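J.: Supplied in structure tokens, the structure appears directly below.
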Amino acid sequence: MKTSLIILLALVVAGNIFAADVASDFSAANELYAKGKFSDAADAYEKILQSGAQSPALLFNAGNAEFKAGHLGLAIAAYRRASQLSPRDDEIRANLAFVRNQVQGATFRESRWQGWFGALTLNEGALLTAALFWMTLALFIARQLRPVLVPKLKTTTRLFATLTIFSVSVLGLQAANHFWSATAVVVSTGATARSGPFDDAQSAFTVHDGAELSVLDRHDNWVQVAGGAGQTGWLTVKQVEVLPGT
Amino acid sequence: MTGHRLHIVPTVGLLILAVLLATGARGASFTATLDRDTIALGEQATLTLRFDGDAPPNPPQLAEIPGLKSGYVGNQSMNLNINGVASSIVTYTYVVTPAKSGEFTIPIVASDANGNSISATPLKLTVTTVSAPTAAAVNSGNEAAFLKLTFPKPKIYVGESVVAQLDIYLRDDVQNFGNFQLTSSAADGFTPGKIVELQNQRRRLQVGNRIYTIIPLAVPLTAVRTGALTVGPFTASMVIVLPSQNEGGDPFIRQFFNQGEQKSISLATDVADVESLLLPDQNKPAYFSGAIGNFTMTASVGPTNMTVGDPVTVRVQISGHGAMDAIQLPDQSSLQNFKIFPPTTKTEITDQLGLEGKKSFEEIVTPQNADVHEWPQFSFSFFNPDDGKYHTLTEAAVPLTVKAAGTSPMPPIAATKNSAPENQSPQDILPIKENLGTLSQTKIPLVAQPAFLAAQALPVLAFLAVFIWRKRTDSLANNPRLRRQRAVAALVTSGLDDLKRYAAANQPDEFFATLFRLLQEQLGERLDCPASAITENVIDEHPVLSGATIETIDSLRELFQLCNQARYAPVRGTSELNSVAEKFEKTLRELQEVKA
């Protein structure tokens, strides 16, 4: 028991020290940004992210620095990661939309339903669905325990059951999107997609920095993406940053 | 002898049948045809190889003939079943294009399905030269139709786009025409554009002593090399309808009711000689990027007040006449203080020939430091072939106010975030966040965590438990015998404890009173009658107990008698009461096995 407490205390202290270090590095990166040293600021934010820490603000600032440094693709990737952590953050959405508008050529355009489904994180969706599920079953249990309540609970039970079914469906789509689809954000200028996953393959089409393309397949260090107008092509993993979901 | 003949006839018949079948199976016939045996130079003929029966799986290779090119087009196959005999027809189609005039013989050799070489009658194709009619022929009115090529000027510059005119002349007695096809459009040293008819420009003209209708076609041409170039001859084929000469009757009536007769004709133009010149080096502007034509330019730069790294949109629109595709923005690599993103371009063509229109460029540039004070003067140069001179269009420098990023006030979108109209597009990204916020580690989503998924089973299990309980409760409520059985079972369980307690305390009165009540309750439940109605007499009278063993009946009777005797007999000891309790317990178990 005593040992467990010591370990717990040590973990808490270590966590606080880590958080303090991250906060310090974060402030330093912010200062670089304020001085107009955007590339240095982007490197500083990236270093913090590589340490394992992440927060919507950190990713947001990293996106800003990458954009100011002229890296549209890296900026979009950072904003998208930030948006996955905090999907209802208006500032993240505004900057993501702004940078997307700077991207040339075929790229991702968020549909209305994707906007709705993206309003919650996957975990928030899971918790909401679980709450609705538990509530619905609690109502069913109450109906079994007190049959006299059945007429009174009829409408409420139906409402919660409907909401649960809808929520489970949306969560299913969200989860499928998260686990089984991916987006490649082009992070190099004027990348040429090739018709096959090898360097000598014929060029299929050209994509610009920041283009967001659906990932169709992967092979070694190559990613097959869908371009506009039904085109498909292969890009190297160095040319893109692959993110979960579309 | 007759019998011998009877044996020979079926044998010969079978042999003939076998030969016929073998011939039928192998009976591939092979023919070759041309759709026309005479064509004009520049036209194409269609050659068809037809295999009736076993056809080769791949199209046969036609022999190479100098001056004649052939290309495989496709095949068609058809399976037939006539009177139970299956056969197939396969045709392979080729296009034959002559490169020179003359008479050609095309040998037809192929391999059948078994690889055997088979041949068909060689085909003859005559290729005639079509030449433009002479002036005398035109003036005589003998030409029902002819083509005329007009090139606008004898000298052009390489890269210059001009429009040659191809006029189709149709004599006034041509009732109808159609199926016009250019069979060759020789323009060595030019890149031809799309040939279109000039709208609303058909006209009538007297040539010699006949009236002709002129249909003008425009042929955009862009010179791609220098030197002496030739345009033409353009050749074409078309079908015209002329008054029939074979219909009799009154000539006056005939002119109204003559159905006419179709005639396929070939047309050709003269050759136009053109001299293509190099663009002059004299006075060639430094920013010239190859635009040839006559253009105007407008440009805009905005916003002009920004922070280092903020995007500035530069829009340039170049309008005019010329090859729009060749227009490019001048090289801007010397602009060291700006980061320039690749421009987006949009071309709007306003004429049907593709030579008039406007090309818009939009590029995003970002100032890289606060020392930038202007977007520099912007120039676009082009060569005007009409006057043979270079021209430069210039847009004046645009002053910019660029602030250092660290000292910049909040960008416009942030300052007016709540008050700006919704349709106003932001000018910049929102500024960075000062607070780090809550740190998190990358974790597996809840939906993929087994613990989370297992937790969702808890309410389901709870519901199932409650559901089963509810079903059992309802079942009990609807079954009075079952309810009584349960109640009696509970009563007997507690009663047995009481009996043991009374025995231990040596309380025979309470013991036997309890024993009697338990016997009544258990027998009442078994016999489905009130407990108070149970006496020793029911043991012999009730039919249900007829299913019990004699030992059980005897035990019950004995227990009843013991209860009765206890009211009068002296008090018994603890051990005797315990043995009575055990006997009662054993009898109860036997009684509970009796079907009620």
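These protein sequence lines map, in sequence, to chains G and P.
When we follow the numbering used here, the leftmost residue of the first sequence carries the number 1, and every step to the right adds one.
When we follow the numbering used here, the leftmost residue of the second sequence carries the number 1001, and every step to the right adds one.
Every residue, glycine too, gets a C-beta built ideally from N, C-alpha and C.
Please read these numbers as outputs of a predicted model, since none were measured by experiment.
Counting Cβ pairs, one atom from each stretch, are 3 or more of them under 8 Å apart for the stretch 1515–1530 of chain P and the stretch 1482–1492 of chain P?
T.: Short answer: they touch.
J.: Using three-state DSSP, classify threonine 1023(P) as helix, strand or coil.
T.: Note on threonine 1023(P): pLDDT 42, under 50, position unreliable in the model; no value is reported.
J.: Tell me, please, whether the CB atom of glutamine 1592(P) is closer than 7 Å to any CB atom in chain G?
T.: Not one chain G Cβ lies under 7 Å of glutamine 1592(P).
J.: I need the DSSP call for leucine 1041(P), collapsed to helix, strand or coil.
T.: It is a strand residue.
J.: Can you have a look at proline 1431(P) and say buried or exposed, based on whether 16 or more other CB atoms are within 10 angstroms of its CB?
T.: Looking at its Cβ environment, which holds 16 or more other Cβ atoms inside 10 Å, proline 1431(P) is buried.
J.: Give me the Cα-Cα distance between glycine 190(G) and histidine 71(G), rounded to the nearest whole angstrom.
T.: Each residue's Cα considered, the two are about 12 Å apart.
J.: Compare the beta carbon distance of threonine 1269(P) and proline 1233(P) with 7 Å and say whether it is the shorter of the two.
T.: Their beta carbons are under 7 Å apart, which means threonine 1269(P) touches proline 1233(P) by this criterion.
J.: What are the partner residues of alanine 1086(P), as DSSP defines its beta bridges?
T.: Asn1081(P), per the DSSP bridge assignment.
J.: Mapping DSSP to helix, strand and coil, what is serine 1117(P)?
T.: DSSP places serine 1117(P) in strand when its eight states are reduced to three.
J.: Between the C-alpha atoms of phenylalanine 1288(P) and lysine 1443(P), what's the straight-line distance to the nearest angstrom?
T.: Distance between the alpha carbons of phenylalanine 1288(P) and lysine 1443(P) is about 58 Å.
J.: Between glutamine 1368(P) and alanine 1397(P), which are expected to be in contact by the criterion C-beta below 8 Å, what is the C-beta distance as a whole number of angstroms?
T.: Glutamine 1368(P) to alanine 1397(P), Cβ: 18 Å. No contact.
J.: Compare the beta carbon distance of valine 1402(P) and methionine 1306(P) with 7 Å and say whether it is the shorter of the two.
T.: Yes, the pair counts as a contact, with Cβ atoms nearer than the cut-off.
J.: Flag this pair as yes or no: are the beta carbons of proline 1098(P) and leucine 1041(P) separated by less than 7 Å?
T.: Yes, Cβ-Cβ distance for proline 1098(P) and leucine 1041(P) is below 7 Å.
J.: Got a sec: is the Cβ-Cβ distance from leucine 1017(P) to anything in chain G below 7 Å?
T.: In this prediction, leucine 1017(P) has a pLDDT of 45, which is less than 50 and means its spatial position is unreliable; what the coordinates show is noted afterwards. No, no contact with chain G.
J.: Going by C-alpha distance, which of Ala1236(P), Leu1182(P), Glu1261(P) is nearest proline 1243(P)?
T.: Ranking Ala1236(P), Leu1182(P), Glu1261(P) by Cα distance to proline 1243(P) puts Glu1261(P) first.
J.: Using a Cβ-Cβ cutoff of less than 7 Å, which residues in the same chain neighbour threonine 1552(P) once the five nearest sequence positions on both sides are dropped?
T.: For threonine 1552(P), where only same-chain residues beyond five positions count, the Cβ hits under 7 Å are Thr1587, Glu1590, Leu1591.
J.: Kindly indicate which residue of Ala28(G), Lys238(G), Leu171(G) has the alpha-carbon position closest to the one of alanine 119(G).
T.: Of the listed residues, the one whose Cα sits closest to alanine 119(G) is Leu171(G).
J.: How about the stretch 54–69 of chain G and the stretch 1444–1463 of chain P: do they share at least three Cβ pairs that are nearer than 8 Å?
T.: No, they do not touch.
J.: Beta strand (DSSP E) containing isoleucine 1106(P): first to last residue?
T.: Counting along the chain, the beta strand (DSSP E) containing isoleucine 1106(P) begins and ends at 1102–1111.
J.: How would you list, in chain order, the residues of chain G whose beta-carbon sits under 7 Å from the beta-carbon of phenylalanine 1463(P)?
T.: Within 7 Å Cβ-Cβ: Leu137, Phe140, Ile141.
J.: Report buried or exposed for glutamate 1593(P), applying the criterion of at least 16 other Cβ atoms within 10 angstroms of its Cβ.
T.: It is exposed - the Cβ of glutamate 1593(P) has fewer than 16 other Cβ atoms within 10 Å.
J.: Excluding the five sequence neighbours on either side, which residues of its own chain have a C-beta within less than 7 Å of the C-beta of alanine 974(P), listed in chain order?
T.: Nothing about residue 974(P) can be read from this structure; chain P reaches only from 1001 to 1596.
J.: With distances taken from CA atoms, which of Val168(G), Pro197(G), Ala41(G), Lys154(G) is nearest aspartate 220(G)?
T.: Checking every option, the nearest Cα to that of aspartate 220(G) belongs to Pro197(G).
J.: Is the Cβ-Cβ distance between glycine 1193(P) and glycine 1322(P) less than 7 Å?
T.: Contact: no.
J.: Using DSSP bridges, identify the partner residues of phenylalanine 1051(P).
T.: Partner(s): Phe1030(P), Val1090(P).
J.: Can phenylalanine 205(G) and glycine 227(G) be called in contact, C-beta distance under 7 Å?
T.: Contact flag set, yes.
J.: Opposite serine 1237(P) in the DSSP bridges: which residues?
T.: Paired residues: Gln1181(P), Ser1266(P).
J.: When we look at the beta-carbon of threonine 1105(P) and count the other beta-carbons within 10 Å, is it buried (16 or more) or exposed?
T.: Under this definition threonine 1105(P) is an exposed residue.
J.: For chain P, check one thing: does any of its Cβ atoms lie closer than 7 Å to the Cβ of tyrosine 79(G)?
T.: No, because no Cβ of chain P sits closer than 7 Å to the Cβ of tyrosine 79(G).
J.: Between Gly36(G), Ala44(G), Asn177(G), which has its C-alpha nearest alanine 23(G)'s C-alpha?
T.: Of Gly36(G), Ala44(G), Asn177(G), the residue nearest in Cα terms is Ala44(G).
J.: Listed in chain order, which residues of the stretch 1430–1453 of chain P have Cβ atoms closer than 8 Å to some Cβ of chain B?
T.: Annotation note: the requested chain B is absent from the structure, which comprises protein chains G and P.
J.: Could you tell me whether the Cβ of valine 1466(P) comes closer than 7 Å to any Cβ of chain G?
T.: Closer than 7 Å: yes.
J.: Mind pulling the chain G residues with CB within less than 7 Å of threonine 1344(P)?
T.: Going along chain G in sequence order, the residues near threonine 1344(P) (Cβ under 7 Å) are Gln104.
J.: Alpha carbon to alpha carbon, what distance is there between glutamate 1576(P) and asparagine 1506(P)?
T.: One C-alpha to the other measures close to 10 Å.
J.: Relative to the alpha-carbon of threonine 1235(P), which residue among Val1207(P), Ala1228(P), Arg1210(P), Thr1183(P) has its alpha-carbon at the smallest distance?
T.: Looking at the Cα atoms, Thr1183(P) is the closest of the given residues.
J.: Have a look at lysine 1417(P) and leucine 96(G) and give me their C-alpha separation to the nearest angstrom.
T.: Below a pLDDT of 50, predicted positions are generally treated as unreliable, and lysine 1417(P), at 36, falls in that range; the measurement from the model is reported next regardless. Their Cα atoms are separated by approximately 16 Å.
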